[in-house]
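The block underneath contains the structure these notes are about, expressed in structure tokens.
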Amino acid sequence: MAAVSDNIKIVRSLVQQLRRVSQNRSTKENAMLQYVMEQAHVHKETSEVLCKAREELKNLAEIYLCYLKSQQTYKDIQKQYAGKGERSIKETADLVGFKLPHDPK
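First residue of the sequence shown? That's -15 in our numbering, and the numbers climb one at a time after it.
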């Protein structure tokens, strides 16, 4: 029963990531979400009853989930560190976590 619970958690996480990435939040109109749910139902019997390809859905879903999370992380990093032209010395120091020495005057 733990394998079924793990599969459900992975599919839920995958659907959540797909909703975050997709511009179309409606489940009925989103082809990606429909495909994921269709595959989850197709592999349900395989995961629970048959030995053949027992972990196929889980492995495939984990790969897709890792890809989607990595893409989101990449976009976040790109947005944070993207070049905005010339930066001041203070902005650059703040970006990398350094403090500028104070002028004693």
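Positions of the beta carbon are idealized from the N, C-alpha and C atoms, including for glycine.
Given the structure is predicted, the values throughout are model-derived calculations rather than measurements.
Can you give me the C-alpha to C-alpha distance between residue i and residue j, rounded to a whole angstrom?
{"i": "S31", "j": "S6", "result": "Any answer about S31 is weak, because its pLDDT of 48 lies below 50 and its placement is not dependable; what the coordinates show is given next. Computed Cα separation, rounded: 28 Å."}
{"i": "K53", "j": "A45", "result": "12 Å"}
{"i": "N(-9)", "j": "Q1", "result": "15 Å"}
{"i": "K68", "j": "Y51", "result": "27 Å"}
{"i": "I94", "j": "G81", "result": "Here the chain has residues from -15 to 89 only, and residue 94 is not among them."}
Return helix, strand or coil for residue i, following the three-state DSSP convention.
{"i": "S(-11)", "result": "helix"}
{"i": "H25", "result": "helix"}
{"i": "R71", "result": "coil"}
{"i": "N43", "result": "helix"}
I think residue i touches residue j, with their Cβ atoms under 8 Å apart; what is that distance to the nearest whole Å?
{"i": "R3", "j": "Q56", "result": "So it is not a contact: roughly 12 Å between Cβ atoms."}
{"i": "V(-5)", "j": "A15", "result": "Their Cβ separation, rounded to whole angstroms, is 16 Å, which puts V(-5) and A15 out of contact at 8 Å."}
Return the chain-ordered list of same chain residues with a C-beta closer than 8 Å to the C-beta of residue i, the five sequence neighbours on each side being excluded.
{"i": "L99", "result": "Not covered by the structure: residue 99. The range shown for the chain is -15 to 89."}
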